[in-house]
Amino acid sequence: MMDQEPSPENFGGPLPSFKWLCEELFVKLDRIHAENNKLTVTEQKRKVVEVFIQHWRGTVGPQFFPALRLIMPNKDRERLYNIKDYYLGKRVLELLKIPKSSSTTERVINWKRGTGERMSKICVEVLRERRPDVKGGGISIEELNRILDRLSSLDCKKQEQMTILRHCLDNMCFVEVRYFLDILLKKNIVRNMENTVLYMWHPDAVNYLKVVSDLRHLCDKLYDPGKRLSQAELSINLGFPFSPQLAKKPNISYANLVQSFQSNFVIEEKLDGERIQMHYINYGEEIRYWSRRGTDYTYLYGDSLTSGCISPHLRFLENVQSAVLDGEMVTYDPERNAILPFGALKSSAVQELQRIHGNITECDRLTARPLFIVFDILHLNGSSLVYKTLEHRKEFLNAVLRPTETFVEIINSVRATDESMIVKALETTISKGLEGIMVKQLQSKYYMDKRSDFWVKIKPEYLEQFGENVDLVVIGREKSKKDIYYCGLKVDDSPLFWCFCRVANGFDQDDYRKIEELTGGKWKSTETCMPPIDLIEFGKKIPPEWIDPRESFVIEVKARSVDRSLSRNYKVETTLYNAYSRRIRDDKDWKTATTLDEYKEIKLSSRDVGDDLHKLNVQRKRLQRKRKLENRDEEVWNLTLSSRQSSLFDGLTFMVISDGFYEGCKYFTTDIESVIRKNGGTITKNQALVEDVSLLRIIGNKKTLQAIYLREEGYDVFKVNWIFDSIRERQLCKVLPKHCLLVSSKLKEVAAQRVDSLGIGFTAMVTPGSLRRVLQEELQIDGPVLRGIELVQLFGGLKPYVYANDAYEQKMMELQLQRFGARVTSDLETCNIVIVSSDEACESQVKQMRGQLSSLAKYRDSKVETVRIVTMPWISKSIEEGVQADPRDFQAITNRDI
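Residue numbers (full-length UniProt numbering): 1 to 898.
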């Protein structure tokens, strides 16, 4: 392990107050962020950071750690407060003695349903209503760090926590309280300026943090900006987690890939597990395990050779003092001799620990446990190996580590020289139902924190979906009973994102809580502040809220197919049909998510697959007819693009006073006026110029001062939906409650008499879409009634081959699939998915089918297409969710060959 760096000392005297830190850095950055959302603010923020750091160096000294851990609390690994937004809000309510039945309590407890503001800001608003602001500044940075150390202590119980919180709330001004609460919640306070803060402190700080992930150590070592680090110091540091090398997807043919690798590469199995780095220190007296993102899992796998479920099985040569291994932790079932899906990993590790400690009662029926499969060694006996070739690193690994079968293994690497060996490896992958293969250039070095061209991952593309799952950045949100997230694709290497699709399915309560932790306080209203056009472009469909992609999160999205019928709604010319969130990708950010170019590659592949399948699927015709109807409806809200004329509004004069939304699409004032003119209406900017007020229609979707003034003057103000509803019905609609923004009480009463209990006009034209919106928005129903139409075609487009040992069970599976739109086939060659009753009961048949599917696989340039085998629970899970569940979670398991 590295020698501990001597800690630099500041000039002496007390550290500045926490209020000074807030006002000189946090407030100034937030003020710029609020006043100007364009990318040009970066330089303004950079200047604020530069001045702050110069001030610190000149007046405080070279030790930055006391301030840095407050500036970047989300990177401070030493302190864990174990408190979430909800519980912090409850503590503040309790301190202020606010009744549980009050509206304030409801506002705090249900903060997620509001405007998306951070809990800290809401708590400050509550505090502001109950006491005047105080001068503050009495708590120094040093004292606050002592307070935070105490709050993170395991023996700090609730009563002591409440006493500390009361002291802080009583002695801090509102500005201090806000950022203090953000620190407790470990929020990203300086938003996307973290790297700027680090770079301004020391030019090597950004890269050094990637290899040590420790703020204290960083500050102890990098206190002099004139003293630069060597290449070795920016390499692997024993005992500190680093960001590992990642693989790319191929964008060239296998032949070109072989040529670029100079016919000198190895092929390995791509594993379905969690990337883990293991640090072996002082002959195994200390062992540490970290994930790709630096999460410490040592408590699961063992901190020495005598503890945990993996460390006791490590077998190094006796002369190995230290080592760093890179590998994958997978879930292994010893009874079936099979590797299970990734989702079972953590629970299997916990269960194995319980078994080790004698808790047989709870674990005697649970057989799965972790298996560590190592594929690289990056450090050995004090020397970094990242600059050695992969070939040499493999030699070191095989020389110093002795595998322990089914506990710690070295991955099987096959040396290869031509594309036929890649194809053969893929055939084996398909026949065994494996995740895919890795192709690695043997002369390559190890590139930390980089997706290298020298490591390529190739996975079979399965015909039941439109290609690979995509990792999308969330850029917008529509809050409702089930939140809808708008996702985008990054354009080229710029921070520009194009809106691509909406996703509402696949999220559970834990996901919603996690999303709030990641994005609280970062959402902005599109009504008051549209995103810069060089950051986000939505298309016709605009969400009520948007978020800077650089401050957002990534979700892995699965979809049935590419949908080209709703292209006008999104900036990308196509969208995803039946999109479903598989998981939140903690290991991805806006820089590593799927790009527009990558999506185009997937789309092209999916179109080729689809062309073959559509010839076999007559139900696609029904879907096409349905989409023609959708397109006809779509014409109504895309009239601004049409040259169609009508005389519907002849004789009427309109005054449009604000933008508006219709069917989830935003229309600017100019768009609305264009629609009016094309349908015979005239436009005015002054209501006083209209002689016959009965022929005037004032349109606005916001209760602005102008709208309120016009109502006070006796004018009625209608929403924009009256215009579009009239066009849709080809006649002037009678005014309904949904059309009224600010109208007279008499008109309001008349309008109310024109609708039924569902809010639908007695004479209104009802479309499936409008009825669905009424049920969703007004009755908030989310049950079988709403899902019925979609469920009819849940498996539409699928041509499954079904197998069960029991003929009756097989028939029931087939009937269930057919009921929801599938077209079952008895021919394995023409199917696009295989469903078996149980992978254990049908094990021999699954192996036989995989062999057949391997011979039927289609190889196209850098892709291979085949059919996935899943088990019967996939059917019931899909029906339960209302969308096709991710088949990877239900893939049939076969024994591994050891």
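We put the CB at the ideal spot given by N, CA and C, even for glycine.
Reduced DSSP secondary structure (H/G/I, E/B, other) of residue i
| i | result |
| --- | --- |
| Gln44 | helix |
| Ser878 | helix |
| Val660 | What sits at residue 660 in the sequence shown is Gly, not Val. Correct three-state label for Gly660: strand. |
| Cys529 | coil |
| Arg513 | helix |
| Leu732 | coil |
| Pro225 | coil |
| Cys156 | coil |
| Met329 | strand |
| Ser384 | strand |
| Leu378 | strand |
| Ile869 | strand |
| Leu80 | coil |
| Met421 | helix |
| Ser694 | helix |
| Tyr447 | coil |
| Glu635 | With a pLDDT of only 38 at Glu635, under the threshold of 50, the placement of this residue in the model should not be trusted; the figure read from the coordinates follows. Three-state result, Glu635: helix. |
| Pro99 | coil |
| Lys394 | helix |
| Thr894 | coil |
| Trp56 | helix |
Boundaries of the beta strand (DSSP E) in which residue i is found, first to last residue
| i | result |
| --- | --- |
| Gln277 | 274-281 |
| Trp498 | 497-503 |
| residue 902 | Residue 902 is absent from the model: the chain starts at 1 and stops at 898. |
Buried/exposed call for residue i, threshold 16 Cβ in 10 Å
| i | result |
| --- | --- |
| Glu9 | exposed |
| Asn832 | buried |
| Thr59 | exposed |
| Cys529 | exposed |
| Val693 | exposed |
| Glu865 | buried |
| Lys628 | Summary for Lys628: the model assigns pLDDT 39, below 50, so the residue's position carries little reliability; its value from the coordinates is reported in the next sentence. Result: exposed. |
| Ala205 | buried |
| Asn337 | exposed |
| Gln277 | buried |
| Asp182 | buried |
| Phe26 | buried |
| Asp650 | exposed |
| Met162 | exposed |
| Pro460 | buried |
Extent of the continuous alpha helix (DSSP H) to which residue i belongs
| i | result |
| --- | --- |
| Trp20 | 18-21 |
| Leu705 | 705-712 |
| Asp133 | Here Asp133 belongs to no alpha helix (DSSP H), and DSSP marks it neither H nor E. |
| Ile676 | 669-678 |
| residue 902 | With the chain covering 1 to 898 only, the question about residue 902 has no answer from this structure. |
| Arg850 | 843-856 |
| Ala255 | 254-260 |
| Arg819 | 807-819 |
Residue closest to residue i, alpha-carbon to alpha-carbon, out of the options
| i | options | result |
| --- | --- | --- |
| Arg146 | Phe18, Val491, Glu194, Arg91 | Phe18 |
| Pro241 | Lys47, Leu218, Asp224, Lys227 | Leu218 |
| Asp827 | Asn264, Ile835, Asp725 | Ile835 |
| Leu165 | Ser525, Cys173, Val175, Leu151 | Leu151 |
| Arg46 | Asp449, Met72, Tyr199 | Tyr199 |
| Arg369 | Gln793, Tyr332, Pro403, Thr404 | Tyr332 |
| Val212 | Asp133, Gly226, Gly294 | Gly294 |
is_contact[residue i, chain C] using C-beta, thresh 7 Å
| i | result |
| --- | --- |
| Val320 | Looking for chain C here will not work: only one protein chain is present. |
Distance cut-off 6 Å: residue i Cβ against heavy atoms of the ligand ADP
| i | result |
| --- | --- |
| Asp563 | For the ligand ADP, the structure offers nothing, since it holds no ligand at all. |
| query | Are three or more beta carbon pairs between the segment 697-704 and the segment 715-723 nearer than 8 Å? | reply | Verdict: yes, contact present.
| task | Decide if the segment 793-808 is in contact with the segment 834-841; the criterion is three or more beta carbon pairs, one per stretch, under 8 Å apart. | result | Below 8 Å, enough C-beta pairs join the segment 793-808 and the segment 834-841 to call them touching: three or more.
| query | Can at least three beta-carbon pairs, one atom from the segment 286-302 and one from the segment 468-485, be found at a separation below 8 Å? | reply | no
| Given 8 Å as the limit, is there contact between the segment 575-595 and the segment 498-505, that is, 3 or more CB pairs closer than that? | yes
| said: Count Cβ pairs between the segment 315-323 and the segment 371-383 that sit closer than 8 Å; are there 3 or more? | reply: yes
| message | Under 8 Å, with one C-beta from each stretch per pair, do the segment 80-100 and the segment 229-237 reach the 3-pair mark? | response | Counting Cβ pairs under 8 Å, fewer than three are found: no touch.
| Do the segment 427-445 and the segment 265-272 make contact, defined as three or more Cβ pairs closer than 8 Å? | Cβ pair count under 8 Å is three or more, so yes.
| query | Do the segment 243-256 and the segment 447-462 make contact, defined as three or more Cβ pairs closer than 8 Å? | reply | Touching, yes.
| Stretch pair the segment 419-434 + the segment 387-400: three plus CB contacts closer than 8 Å | Output reads no: the segment 387-400 does not touch the segment 419-434.
| With a cut-off of 8 Å, do at least 3 Cβ pairs link the segment 207-218 to the segment 43-56? | Verdict: no, contact absent.
| query | For the 8 Å Cβ check, are there 3 or more pairs between the segment 555-562 and the segment 533-540? | reply | Inter-segment contact for the segment 555-562 and the segment 533-540 is absent: fewer than three beta-carbon pairs are separated by less than 8 Å.
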